[in-house]
Amino acid sequence: MDDLLQEFLAEALESLSLLDGELIRLEETPNDKEILSSIFRVFHTIKGTCGFLSLPRLEKVAHAGEDLLSVFRENASLVTPEAISLILHCVDAIRDLLGGIEATGNEPETDHSGLIATLKAAVAAGEAQARAGVSSAPAKARPAEAPVPEAPPADEADVFEALSLDAPAADPEPAPVPVPEPVPVAEALSTPTAQPAAHPPAETAGGHDAGAKTIRVNVDVLESLITLVSELVLTRNQLLQLARGRDEGADSFQRLSRITTELQEGVMKTRMQPVGTAWAKLPRIVRDLAIETGKQIELKMIGAETELDRQILELIRDPLTHMVRNSADHGIEPRDQRRAAGKPETGTITLNAFHEGGHIIIEIRDDGRGLDVARIRAKILERGLTTPAELERLTDQQVRQFIFRAGFSTAEKVTSVSGRGVGMDVVRSNVEKIGGVVELSSEAGKGSTFTIKIPLTLAIVSALIIGCADQRFAVPQICVRELVHVGPNGAHRVETLHGTPVLNLRNRLLPLVSLRELLRLGGGDDGRGVASAEYYVVVAQIGSRHLGIIVDQVFDTEEIVVKPVGRALRKIPFFSGTTILGDGGVIMILDPNAIAATVGEAQVVAAPGPAEAAAHGENRRSSLIVFRAGGRSRKAVPMMLVERLENIDVTAVERAGGRDVIQYRGHMMPLIGLAPDCALRSEGRQPVLVFAERDRTVGLIVDEILDIVEDDVTVEFTGSEEGILGSAVIAGKATDLIDVGPFLIAAYPDWFGLEEEPAPPAGDPEAPRKRLLLVDDSAFFLRLLAPKLSVSGYEVIEALGGEEALALHDRGVDVDVIVSDIEMPEMNGYAFAEAVHGGSRWADVPMIALSSRMTEQTLERGRSVGFTSFVPKSRRDELFDALRQVFQQPGEAA
Amino acid sequence: MSKSPRVSTRGARASAAGETREFLTFTVERQIFGLPLASVSDVLDARPLTPVPLAPPEVAGSLNLRGRIITAIDVRRRLGLPAMAKGGEHMSIVTESDGELFNLIVDAVGEVIAVSDGQYEDNPVTLDAEWRRFSAGIYRLDEGLMVVLNVEPLLAFSADPMLA
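Read top to bottom, the protein sequences are chains A and B.
Taking the numbering used here, the leading residue of the first sequence gets 1, the next gets one more, and so forth.
Taking the numbering used here, the leading residue of the second sequence gets 1, the next gets one more, and so forth.
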């Protein structure tokens with residue numbers, strides 16, 4: 001394509017991009033001569049150049065638009081919304097034609113005669129009114145509706161000559177007028193780097209003088225500069241490795257290094273563009289939307305000059321547009337509703353951009369109706385995204401987050417405006433892809449605010465280079481909180497919690513991901529996915545989530561140039577980019593966000609409650625009695641199991657039936673030492689933990705009660721010793737959790753299997769008790785839960801793990817409901833459920849899943865294998881609700 | 001190190017029957033293929049690649065070519081052919097698609113030849129669907145049939161996110 005044509009296209013498109021905004025401003029302030037002139041100049045220049053470049057169709061369209069603008073100059077009252085829309089259509093037509101020319105080098109064949117006719121009609125009508133206004137008193141009459149082309153050409157020519165700038169006989173005929181035009185056009189073309197507004201030398205009153213401080217540079221030139229600088233940075237890094245330990249040349253090298261860094265920073269600045277560039281089209285979109293829906297909407301833009309990386313700008317352009325469209329379409333209410341609500345009739349959408357830390361924050365705020373939480377809840381139920389029981393537990397804020405789910409649209413009819421398929425899920429994933437976050441807050445009746453937070457620049461970041469299975473990867477330094485070395489002599493321990501590795505890091509349990517397993521690199525041996533006893537954990541933080549990534553080696557930190565992942569590899573979610581290291585090796589950059597998503601931390605779907613962050617394994621707020629019983633180690637039992645603490649007088653202890661007993665509240669209470677070497681003292685007093693079940697009591701003897709602690713106790717199960725369920729860090733000290741079960745059974749063998757049930761079962765007291773099969777791999781939980789279920793009227797059959805449960809099935813046991821843990825190491829809950837549902841005698845038995853991790857995946861998977869409901873493991877009340885629902889009979893109150 | 005292929009005029013019958021076009025020939029599983037010369041950026045011998053975890057099977061890995069990261073595609077795999085015997089030599093052709101560089105790993109790279117339209121044939125109807133996708137036509141050469149490799153479908157990787 002010829003240079004002149006290319007130049008023309010670039011300038012014309014650039015001017016057009018500003019026109020939308022200017023036309024809307026003109027609509028608001030029709031008397032603003034400056035804006036009108038500026039708009040007029042664009043049309044005029046385009047029209048003129050078209051003649052020179054022989055683009056007849058474009059010229060006709062531009063000419064018609066220019067004519068109408070002239071009429072505006074005459075009479076500001078003609079600047080009506082309809083007229084502005086007409087000019088906007090004209091701008092669109094010009095854009096289309098320019099696009100066609102850019103693509104093929106020739107004008108596309110589209111027929112714009114309709115548009116041109118309408119424009120001419122408007123011009124004629126306008127002039128008629130202008131003339132009427134001149135001859136008589138200022139006419140307030142609107143231009144005539146029916147297009148009436150009347151005025152003789154001579155008059156029009158006069159009018160135009162008086163108004164137009166350089167154009168000599170400006171014909172109403174759309175014939176190109178090549179000869180008189182070249183002069184101003186040549187002038188225009190001879191200053192290719194000046195802004196288009198500076199072209200017409202006449203009438204520059206109020207025109208821009210933008211030519212001095214900026215220069216237009218081809219984008220490709222800039223890109224290659226940036227690439228060169230990036231390579232310079234990498235070479236500098238290579239030199240850095242070589243220069244280590246050498247004295248000579250150290251000064252020169254330092255200087256070189258400093259200059260390189262400054263050059264890098266300077267060049268990066270050229271990538272910065274004001275965010276307003278992405279906002280340019282929004283006023284028009286909002287205006288058109290307002291007209292289409294009959295609402296009144298004002299768009300405020302604050303901080304348009306805030307700068308960010310060009311690449312990022314491109315990536316957020318669409319998400320921003322979508323969110324503004326949403327606000328205009330669904331957020332802002334129609335005028336009458338706003339009036340009724342006591343709000344100003346004009347709704348406001350505010351865009352606010354500013355810098356904060358190394359990020360740019362963009363807020364999209366509207367004062368509309370806010371998100372309709374009730375409707376979202378209904379939609380959630382309709383889509384089956386969660387169970388009714390869980391839905392009730394979700395807070396409004398959690399429910400609102402559902403709009404970020406794929407395919408979730410609560411718009412009753414999909415309007416042509418917001419469209420379908422471009423959901424908030426796409427917005428969120430686009431933003432997260434560049435390392436940003438989207439947040440939402442909303443208040444019913446008041447409005448909603450979406451906040452996007454994105455990093456300022458993508459190009460060069462600091463990264464930690466790690467090794468796994470002989471491959472290297474980079475982790476952005478900004479996500480790395482800490483590095484932990486795990487080894488046989490290390491201070492940190494990695495435990496397995498229901499089959500998942502977790503790291504106890506300063507009293508918090510950190511979920512771990514094995515990079516080797518995640519990327520299927522092979523070579524790992526045990527369930528922890530590590531190949532040796534020594535390895536490293538990279539503690540990463542993404543937003544408020546923490547997780548640990550298990551890697552084999554940690555190398556060093558490098559400044560890396562982030563290059564986008566090749567098209568063929570874009571599907572892989574775990575890589576956010578790729579880079580070349582100082583030694584020339586190509587490595588992938590990990591995306592900790594995507595990695596965290598696979599760990600299955602509890603998302604807002606079923607957050608069990610603020611104090612019970614299931615993300616860190618089994619956290620629960622418990623009361624524990626901490627004591628010593630035999631030996632120096634600290635031991636604890638949950639307070640909830642203990643009836644009382646007593647301090648007995650050892651002399652009152654008697655012997656009966658081969659056991660130590662004591663008279664306690666009218667009964668004989670057997671006394672049993674909680675540890676083999678914990679015996680009754682010979683004199684004085686001794687603390688005793690009293691356990692009671694109905695009318696039976698047992699006293700477990702301890703040596704000393706140390707403390708009662710109420711804490712977020714993270715129970716780590718090792719299950720190694722008899723009678724010890726596991727360890728936890730309680731009040732800063734390692735403490736063994738005692739399984740009191742065996743002791744209670746030692747006193748009364750049938751402690752856990754009571755025959756009499758004085759408490760009426762749920763529902764019909766005459767009905768036989770429902771048989772409930774409780775499956776869990778943790779004896780502790782079985783002992784904890786079973787009695788509670790018994791008390792509520794179920795006949796509880798316990799099974800330690802899926803295998804045992806299936807063994808019971810094979811022995812002919814029948815049950816009415818199955819409550820099963822999902823995370824079990826031997827045979828996990830899913831496999832168990834599948835086995836049950838796959839044609840066993842229990843195939844129709846309702847199954848409730850207990851899980852400490854509830855994510856979409858677990859829900860879906862669970863449902864697919866036959867679980868009917870899901871209950872967080874720590875919430876007993878939810879379990880009872882779920883059970884009640886299972887056995888609900890029609891007509892019976894829930 | 002890149003090798004420049006010999007330019008040969010063998011097979012060029014610059015007859016009055018249409019234009020001549022230049023192709024770079026290469027072989028995969030003894031089948032001769034051709035790529036329009038204009039789309040060839042470079043020819044490389046075998047060099048180390050960085051394998052990319054979880055990559056689709058036809059992606060052999062990534063490599064660094066003078067500072068640009070390019071994705072290497074195993075053309076055999078892509079065409080559904082068995083993998084090359086271990087230890088076999090191979091070469092590769094660098095081509096650009098949509099602004100991105102790709103490295104097509106093939107068995108051997110031949111020469112640049114000029115062919116005339118008269119030698120061209122459309123895909124025979126008996127050609128199986130898979131090959132038809134990747135073949136933009138056939139040229140009859142003295143030494144056999146040359147399949148014109150249709151690069152776009154070869155490098156069309158869908159943007160669907162990978163399922164876990």
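Every residue gets a Cβ at the ideal spot worked out from N, C-alpha and C, and that includes glycine.
Chain A beta carbons: is any one of them nearer than 7 Å to that of Leu-65(B)? Between Leu-65(B) and chain A, the shortest Cβ-Cβ separation is not below 7 Å.
Exposed or buried, which one is Asp-111(A) when buried takes at least 16 other CB atoms within 10 Å? Asp-111(A) sits exposed, since fewer than 16 C-beta atoms from the chains shown fall within 10 Å of its C-beta.
What residue range is occupied by the uninterrupted alpha helix (DSSP H) comprising Arg-140(B)? Membership of Arg-140(B) in any alpha helix (DSSP H) is not indicated; the residue belongs instead to the beta strand (DSSP E) covering 135-141.
For Val-599(A), which residues of its own chain have a beta-carbon under 7 Å away from its beta-carbon, when the five flanking residues on both sides are left out? Once the five neighbours on either side are set aside, the close Cβ partners of Val-599(A) are Pro-511, Val-513 and Leu-547.
DSSP puts Gly-347(A) in a beta bridge; with which residues? Residue pairing by DSSP puts Gly-347(A) in a beta bridge opposite Ile-297(A).
CB-CB length for Leu-503(A) against Cys-468(A), believed under 8 Å: Contact check for Leu-503(A) and Cys-468(A): beta-carbon distance about 17 Å, past the 8 Å limit, so the pair fails to qualify.
Am I right that Gly-584(A) and Asn-123(B) are in contact with their C-beta atoms under 8 Å? What's the rounded C-beta distance? With 8 Å as the limit, Gly-584(A) and Asn-123(B) do not qualify as a contact, their Cβ atoms being about 42 Å apart.
When DSSP builds the beta bridges, which residues end up paired with Pro-476(A)? When DSSP reads this structure, Pro-476(A) sits in a beta bridge with Ala-463(A).
Please list, in chain order, the residues of the region 98-116 of chain B that have any C-beta partner in chain A closer than 7 Å. Per Cβ criterion, the list reads Glu-100.
Members of the region 22-53 of chain B that neighbour chain A once the beta carbon cut-off is set at 7 Å: Within the region 22-53 of chain B, the qualifying residues are Thr-50, Val-52 and Pro-53.
Counting only beta-carbon atoms, is Arg-896(A) nearer than 7 Å to chain B? In the structure as shown, chain A starts at 1 and stops at 894, and residue 896(A) therefore has no counterpart that could be examined.
Should the region 675-683 of chain A be called in touch with the region 626-642 of chain A, which here means at least 3 C-beta pairs below 8 Å? Verdict: yes, contact present.
Closer than 7 Å to chain A by CB, Ala-55(B): Taking a beta-carbon distance threshold of 7 Å, Ala-55(B) counts as an interface residue toward chain A.
So if DSSP puts Arg-771(A) in a beta bridge, which residue, or which two residues, is it bridged to? DSSP, once it has assigned bridges, lists Glu-795(A) as partnering Arg-771(A).
Do you know offhand how far Glu-755(A)'s Cα is from Lys-446(A)'s? Note on Glu-755(A): pLDDT 36, under 50, position unreliable in the model; the coordinate value appears next. When rounded, the distance between both Cα atoms is 59 Å.
Just by C-beta distance, which residues in the region 70-87 of chain B are closer than 8 Å to chain A? For the region 70-87 of chain B, the residues whose beta carbon sits under 8 Å from a beta carbon of chain A are, in order, Ile-70, Thr-71 and Ile-73.
Could you run through the region 214-237 of chain A and flag, in chain order, every residue whose CB is less than 7 Å away from some CB of chain B? Residues of the region 214-237 of chain A with a Cβ closer than 7 Å to any Cβ of chain B, in chain order: Glu-231.
Neighbour flag for Val-59(B) against chain A, beta carbons, 7 Å: The beta carbon of Val-59(B) sits closer than 7 Å to some beta carbon of chain A.
From Ala-728(A) to Ala-278(A), what does the alpha carbon distance come to, in whole angstroms? Between the C-alpha atoms of Ala-728(A) and Ala-278(A) there is a straight-line separation of about 53 Å.
Any C-beta of chain A sitting closer than 7 Å to the C-beta of Met-146(B)? Closer than 7 Å: no.
Using Cβ-Cβ distances below 8 Å, what residues of the region 581-601 of chain A are close to chain B? Listed by position, the residues of the region 581-601 of chain A near chain B (Cβ gap below 8 Å) are Gly-584, Gly-585, Val-586, Ile-587, Met-588 and Thr-598.
Could you give the DSSP three-state label for His-546(A): helix, strand or coil? Strand.
Met-668(A), buried or exposed, once every other Cβ within 10 Å from all chains shown has been counted against 16: Met-668(A) is classed as exposed because its beta carbon has fewer than 16 other beta carbons within 10 Å across all chains shown.
DSSP three-state call for Glu-7(A): helix, strand or coil? Helix, per DSSP.
Quick check on DSSP: helix, strand or coil for Arg-271(A)? Coil at Arg-271(A), not helix or strand.
Quick one: Cα of Gln-119(B) to Cα of Arg-133(B), how far? Straight-line measurement puts the Cα of Arg-133(B) at about 21 Å from the Cα of Gln-119(B).
Are the region 91-108 of chain A and the region 46-57 of chain A touching by the rule of at least three beta carbon pairs closer than 8 Å? Short answer: they touch.
Here's a check: name, in chain order, each residue in its chain whose Cβ is nearer than 6 Å to the Cβ of Phe-743(A), leaving out the five neighbours to either side. The beta carbon of Phe-743(A) sits closer than 6 Å to the beta carbons of Ile-672 and Leu-700 from its chain, once the five residues preceding and following it are set aside; these are given in chain order.
DSSP three-state call for His-330(A): helix, strand or coil? Assignment of His-330(A) by DSSP, reduced to helix, strand and coil, places it in the helix class.
Beta-carbon separation (whole angstroms), Leu-37(B) vs Phe-23(B), contact threshold 8 Å: Distance from Leu-37(B) to Phe-23(B) at the Cβ level is roughly 6 Å; contact confirmed, criterion being Cβ atoms closer than 8 Å.
In terms of DSSP beta bridges, what is Thr-95(B) paired with? Paired residue(s): Val-40(B) and Phe-102(B).
Pull up the distance between the alpha-carbon of Glu-345(A) and that of Leu-9(A), whole angstroms please. Answer to the nearest angstrom: the Cα atoms are 42 Å apart.
For a contact meaning CB atoms closer than 8 Å, what does Ala-629(A) contact in chain B? Going along chain B, no residue has its Cβ under 8 Å from Ala-629(A), so there is no contact; the nearest lies around 47 Å.
I need the boundaries of the alpha helix (DSSP H) containing Asn-593(A), first residue and last residue. Boundaries of the alpha helix (DSSP H) harbouring Asn-593(A): 592-599, taken from the DSSP string.
Mark His-355(A) as exposed unless 16 or more other C-beta atoms lie within 10 angstroms of its C-beta, in which case mark it buried. Exposed.
Helix, strand or coil for Leu-145(B)? Go by DSSP, reduced to three states. Residue state, collapsed to three classes: strand.
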